[in-house]
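Accompanying notes for the structure given below.
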Amino acid sequence: MSQALEYFQFVLAPQMLNGLTIGVAVVLVAIGLSVIFGLLDVVNMAHGEFYALGAYISTALYALGVDFWFALLLAPLIMLPIGYAIERGLIQRVYQHEQRHILTLLLTVGLSIVLQDAFDLVFGPNTLRPDNPIPGVTEFFGIYIPNYRLFLLGAGAVVVTGTWLVIFRTRLGAMIRAAAFDRDMSASLGVPVLRVYAGTFAFGVALAGLAGVLLAPIYSVFPTMGHDFVLLAFTAVIVGGIGSFQGAVIAGLLLTQIQAISSLFISPHWTEPLVFGIMVAVLVVRPQGLFAWVGRG
Amino acid sequence: MTATDPILDIAELGVWFGGLAAVSDLSLSVARGSVTSVIGPNGAGKSTLFNLISGAVAANSGRVVFEGNDVTGWPAQRINRAGLARSFQITNLFPDLEVAENLRLAAQVLEPAGRGLFPPRRSRRALAKMRSLLERFGLEAKAEELAGYLSHGEQRRLEVAMTLASEPRLLLLDEPTQGMSHGDTRDTAALIRELSSELTVLLIEHDIDLVMDLSDWIVVMHQGRKLAEGPPEVVHADPAVRRAYFGEADSHA
Amino acid sequence: MSDSVESRPGAAAGRKRPGGPFRHVGARGVAGIFLVAALVFAAVGAAAGNVFYLRLGTEALILSGLAMSVDLLLGYTGLLSLGQAMFFGLGAYASAVLLRDYHTGFWGALVLTELLVVPVAVVAGAIAIRARGVYFILITFGLAQVIGKVIYNTRWLGGSDGMVGIPVVHAPFGIFRLDLGNPVSFFLLVLAIVAVLYVALGYLMNTPFGRTLGAIRSNESRVRYLGFDPWRYKLAAYVLAGMLAAFSGALYPMLRGFVSPELMSFSMSADAVIMVILGGVGTLIGPIYGSVILIGLKTLISGWTEHHQIAIGIIFMLAVIFMPRGLIGLVARRASRVVRPEADQ
């Protein structure tokens, strides 16, 4: 019995915690990706780069002497107009085209190429590592949890809940959901659909950026960080169901836990194929994901 | 009704989507060589019935027997190759391909499988069928046009032409005259009459005059079920049917 | 409907496009121009003794095979594969191992690579094609990522460093043999290979089989009701494309003497798509031009700055917005697909 407990304390729980840490980030990124996918019908292949952008903006702010708490607030805020401009100025240009699905996807591929190289240009190819703003460890029933991670989990929960409240309990959220469900009807009811789209995109990428800021002190910042992350985010979106909020949350947490725990038994190199295998299995067995989105964009 | 030699025999067919029965407990026999019309208000399940017969949708219950073969659950392409072809209510062509190419593709199934890797002009039977359909449907002048640029009436004609390309023995026409001008409608009616001597036609239509004029047999559907069936005069006189439908059915969809 | 960038029946200019200066030429003529230009390039390169540009040109031709495989799927079948580099890389690695460790020589490497790739393509295709639309794209993306990672972490394949020391080979053709170490010879060989592939694929896409792929691209659901199973056709197209990409990949180590996991990276897959878009989707010659254009652009821009990807990305986005039909689509007229029976008319 005590052996099992020790195993839990020293092996399993830390891994689960690792999983949760990444899980929070995946959830934040996946929510944005899922909503953009479900509402705008845009597959944002550059979403990982927005995650990285948030991290990079925070490092720039730190270099300017801004402290962590301000950066946490500021970086996503800076990303809002950037995201809005990109959606409005770039992505919307191909909305009228018959092949808009492919074209928007290709556009975001191009965007990801540009962003990734831009990080390299502006910040250099080396890995940056912001300082841990909340050092120290807390003990919790024999498990040692770094304080920063505790904060991260809490902050993540707050943001996710806040986002949920906005989308499902406010008028703004109602507009967004209406525009997702029936664009033309919403437009005729006075909903400024194009602006809602741009705003939603901005919000989605800001969430990704926030995840980037949160994770930077733990996992460092480097130009290809978004690229490595994006498959996991897409998997969470697909498994959870495109456009589904709860889906993104549950699938995001679930997949990262699976990834973390399985790495105890199989080589870490095989956890990504495992996760991908889950995505394929879900697509085969239940293509709409765990929770299908009610309306389409 | 029991036809002596039904080309299509449907028994207790049913399907439901999301808790709602789109078609339930539907049994029907279609006599070979006849023109049978399926009528009913929107939402009665007529197109769903066609989807079930043609393999677009899998039934939850019941059986579809075509020319003695149980085709329930067969994939659409297999049913098509067995001799059953359908047209669509919403025009379903290849809009960015030329009219002649649309027809050639539809006729290609007449060729043996190996022909697929030979130059296209070697598919003589398919090409002959393409030419004859272009002529029969008056589309020769538009042969090189992209199907997406045709007028609505021309597209509906092409739609029907494509259905005939595979030389089916049973033709399912889903509102072929939808949106057509009066002249086009008359031509289509004449065509259907002509066709009925070569094959069996199962027709969904909203134009009641057309239906009464053309049909040997009429089936009335309501909320997924068969409400009544019989020769035109009988159905027309049926009080239940009159009450429910002829008022509505006179206005075009 | 379809996911292809080619079909635009609503566009007024689509039908009888006036085209640009080459309006009477058509895609075949454009191909002929390319051939002539390539031969001139070879002659000039040979005379000047310039190895770098000849090898670069050869690389562009090798990559055009990868680009054609993307076009086969995108322009002709309506499937966007964001992971085509996976096959290119697998072909490259297989060829490298065969050449270096098993000394199979030119033909051995090519033939065995193809044989090895077929089952992979069938399995990958069976998985990917089950998924429609966007999901297909994501599966191809994911597959390439995963396989790429596996190769990256495989020690005996060189890990992150890849494999070096691939020997220079000769290509025996019965009576004579080409020394592939000679840049002119190799360039001409690959040019010939690309020409043969272009003609063969062009023929195939014109057959009823190829035209059914086009029908699938145009309106997949309708194809079923014509008596054809779209799944089988898409799988055939996917396997064919995989084989084409792998074949091209197999030539790579013969040119450069090494292979690395970069060859199956998303960057590579994206480049292939960029080549197709820049050159012209659904034309087969477009990707060939696109490959030359992209390699040319990269070489040119790297002369000024290390960050050529920013420029490429911007150019790509501009192309997607302003000329989604690519260069060939802009310049050559669209040929009628109507079959004229041989005897009459």
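Chains as they are written, first to last, in numbering that gives the first Met the number 0: chain E, 0 to 296; chain Y, 0 to 252; chain L, 0 to 344.
The beta carbon of each residue, even a glycine, is placed where N, CA and C say it ideally should be.
Would you mind giving the Cβ-Cβ distance between residue i and residue j, rounded to the nearest angstrom? I have them listed as a contact below 8 angstroms.
i        : j        : result
L/THR282 : Y/PRO118 : Contact doesn't hold; Cβ gap of about 20 angstroms is too wide.
L/VAL337 : Y/ALA142 : 6 angstroms
E/LEU52  : E/LEU114 : 7 angstroms
Y/THR162 : Y/ARG85  : 6 angstroms
L/GLN83  : L/ALA244 : 5 angstroms
E/GLY246 : E/LEU38  : That belief does not hold up - the Cβ atoms of E/GLY246 and E/LEU38 are roughly 14 angstroms apart, past 8 angstroms.
E/THR199 : E/ILE175 : 6 angstroms
L/MET322 : L/VAL117 : Going by Cβ atoms, the distance from L/MET322 to L/VAL117 rounds to 36 angstroms, so no, they are not a contact pair.
Y/ILE203 : Y/SER46  : 7 angstroms
E/ALA24  : E/LEU214 : 5 angstroms
Y/GLY160 : Y/GLN154 : Inspection of the sequence shows that residue 160 of chain Y is occupied by Ala rather than by Gly. Not quite, the Cβ-Cβ distance comes to about 10 angstroms (not below 8 angstroms), so this is no contact.
Y/VAL200 : Y/LEU170 : 5 angstroms
L/HIS169 : L/PHE246 : Their Cβ separation, rounded to whole angstroms, is 19 angstroms, which puts L/HIS169 and L/PHE246 out of contact at 8 angstroms.
Y/ARG120 : Y/LEU126 : 7 angstroms
Can you list, in chain order, the residues of its chain whose CB lies under 6 angstroms from that of residue i, leaving out five sequence neighbours each side?
i        : result
L/GLY9   : Low local confidence applies: a pLDDT of 39 at L/GLY9 is under 50, so the model's placement there is unreliable, with the coordinate-based value given in what follows. Excluding sequence neighbours, L/GLY9 sits near nothing in its chain.
L/PHE21  : Any reading at L/PHE21 must be qualified, since the residue scores a pLDDT of 48, below 50, and its modelled position is unreliable; the value itself is stated next. Cβ neighbours of L/PHE21 beyond the five flanking positions: VAL330, ALA331.
E/PRO132 : PHE67
L/SER94  : ALA108, THR112, ALA249, PRO252
Y/LEU116 : none
Y/SER165 : ALA84, VAL108
L/LEU81  : ILE136, THR139, PHE140, SER268
L/PHE227 : THR211
E/TYR196 : LEU39
L/SER68  : GLN83, ALA240, LEU243, ALA244
Y/ASP4   : ARG31
Which same chain residues end up closer than 7 angstroms to residue i when comparing Cβ atoms and leaving out the 5 residues on each side of it in sequence?
i        : result
L/VAL193 : LEU60, SER63, GLY64, ILE287
L/ARG16  : Caution applies to L/ARG16, whose pLDDT of 43 falls short of 50 and renders its modelled position unreliable; the value that the coordinates give is listed next. ARG332, ARG333, listed in sequence order.
L/ILE146 : MET85, MET263
Y/ASP249 : Summary for Y/ASP249: the model assigns pLDDT 48, below 50, so the residue's position carries little reliability; its value from the coordinates is reported in the next sentence. ILE207, listed in sequence order.
Y/ALA20  : GLY13, GLY223
L/ALA91  : GLY248, ALA249, TYR251, PRO252, VAL258, LEU262
L/TRP230 : ILE128
L/ILE361 : Nothing can be reported for residue 361 of chain L: it is not among the residues displayed for chain L, which extend from 0 to 344.
E/VAL165 : LEU171, GLY172
Give every residue of the same chain whose Cβ lies closer than 8 angstroms to the Cβ of residue i, excluding the five residues on either side of it in the sequence, and list them in chain order.
i        : result
E/LEU89  : LEU106, LEU110
E/VAL42  : PHE36, HIS100, THR103, LEU104, THR107
L/LEU347 : The displayed coordinates of chain L run from 0 to 344. Any statement about residue 347 of chain L would go beyond what the structure contains.
Y/HIS151 : THR90, GLY178, MET179
Y/PHE87  : GLU158, ASP173
E/PRO80  : ALA201
Under 8 angstroms between C-beta atoms, does residue i make it to chain A?
i       : result
Y/ASN50 : Among the protein chains in the structure shown, which are E, Y and L, there is no chain A.
Taking only beta carbons into account, state which residues of the region 210 to 228 of chain L come closer than 9 angstroms to chain Y, listed in chain order. ARG210, THR211, GLY213, ALA214, ARG216, SER217, ASN218, SER220, ARG221, VAL222, ARG223, TYR224, LEU225, GLY226, PHE227, ASP228
With 9 angstroms as the C-beta to C-beta threshold (strictly closer), list the residues of the region 109 to 126 of chain E near chain L in chain order. GLY109, LEU110, SER111, ILE112, VAL113, LEU114, GLN115, ASP116, ALA117, ASP119, LEU120
4-residue-minimum alpha helix (DSSP H) runs that sit fully inside the region 114 to 160 of chain Y, ordered along the chain: 123 to 135
Of all the residues that make up the region 311 to 326 of chain L, which are near chain E by a beta-carbon distance shorter than 7 angstroms? ILE311, GLY312, ILE313, PHE315, MET316, VAL319, ILE320, PRO323
Determine, using beta-carbon pairs with one atom in the region 159 to 177 of chain Y and one in the region 275 to 287 of chain E, whether at least three such pairs fall under 8 angstroms. no
For the region 255 to 285 of chain E, list every residue whose C-beta sits within 7 angstroms of some C-beta in chain L, in sequence order. Those residues of the region 255 to 285 of chain E that come within reach of chain L (Cβ to Cβ, closer than 7 angstroms) are HIS268, GLU271, PRO272, PHE275, MET278, VAL279, LEU282, VAL283.
What residues in the region 125 to 137 of chain L have a beta carbon less than 9 angstroms from any beta carbon of chain E? Listed by position, the residues of the region 125 to 137 of chain L near chain E (Cβ gap below 9 angstroms) are ILE126, ALA127, ARG129, ALA130, ARG131, GLY132, VAL133, TYR134, ILE136, LEU137.
Report yes or no: do three or more beta-carbon pairs, one from the region 81 to 98 of chain Y and one from the region 220 to 230 of chain L, lie closer than 8 angstroms? yes
Residues, ordered as in the chain, of the region 205 to 232 of chain E that lie near chain L by beta-carbon distance below 8 angstroms: Per Cβ criterion, the list reads HIS226, LEU230.
Is it the case that the region 69 to 82 of chain Y contacts the region 39 to 47 of chain Y, given that we only count it when at least three CB pairs across the two stretches are under 8 angstroms? no
Do the region 21 to 35 of chain E and the region 232 to 247 of chain E make contact, defined as three or more Cβ pairs closer than 8 angstroms? yes
Counting only Cβ-Cβ distances shorter than 7 angstroms, please list the residues of the region 138 to 169 of chain E near chain L, keeping chain order. Within the region 138 to 169 of chain E, no residue has its Cβ closer than 7 angstroms to any Cβ of chain L.
Does the region 25 to 34 of chain L touch the region 161 to 174 of chain L, meaning 3 or more C-beta pairs lie closer than 8 angstroms? Output reads no: the region 25 to 34 of chain L does not touch the region 161 to 174 of chain L.
Which ranges would you report for the beta strand (DSSP E) in the region 131 to 216 of chain E if only whole runs of at least 3 residues count? With a minimum length of 3 residues, the continuous beta strand (DSSP E) runs that stay inside the region 131 to 216 of chain E are 136 to 139, 142 to 145.
Using a Cβ-Cβ cutoff of 7 angstroms, what residues of the region 229 to 252 of chain L are near chain E? List them in chain order. From the region 229 to 252 of chain L, no residue has a Cβ closer than 7 angstroms to chain E.
Short of 7 angstroms Cβ to Cβ, which residues in the region 20 to 54 of chain L face chain Y? none
Could you run through the region 26 to 42 of chain Y and flag, in chain order, every residue whose CB is less than 8 angstroms away from some CB of chain L? none
Identify each residue in the region 78 to 96 of chain E for which the Cβ-Cβ distance to at least one residue of chain L is less than 9 angstroms, and report them in chain order. LEU89, ARG92, VAL93, HIS96
When the Cβ atoms of the region 3 to 12 of chain Y are set against those of the region 47 to 56 of chain Y, are three or more pairs found closer than 8 angstroms? yes
Please list the residues of the region 114 to 139 of chain Y that have a C-beta atom closer than 9 angstroms to any C-beta atom in chain L, keeping them in chain order. ARG114, GLY115, LEU116, PHE117, PRO118, PRO119, ARG120, ARG121, SER122, ARG123, ALA125, LEU126, ALA127, MET129, ARG130
Mind listing, in chain order, the continuous alpha helix (DSSP H) runs of no fewer than 4 residues lying wholly within the region 222 to 291 of chain E? The qualifying runs are 224 to 239, 244 to 261, 270 to 284.
Closer than 7 angstroms, Cβ to Cβ, to anything on chain Y: give me those residues from the region 195 to 209 of chain L, in chain order. ASN205, THR206, PRO207, PHE208
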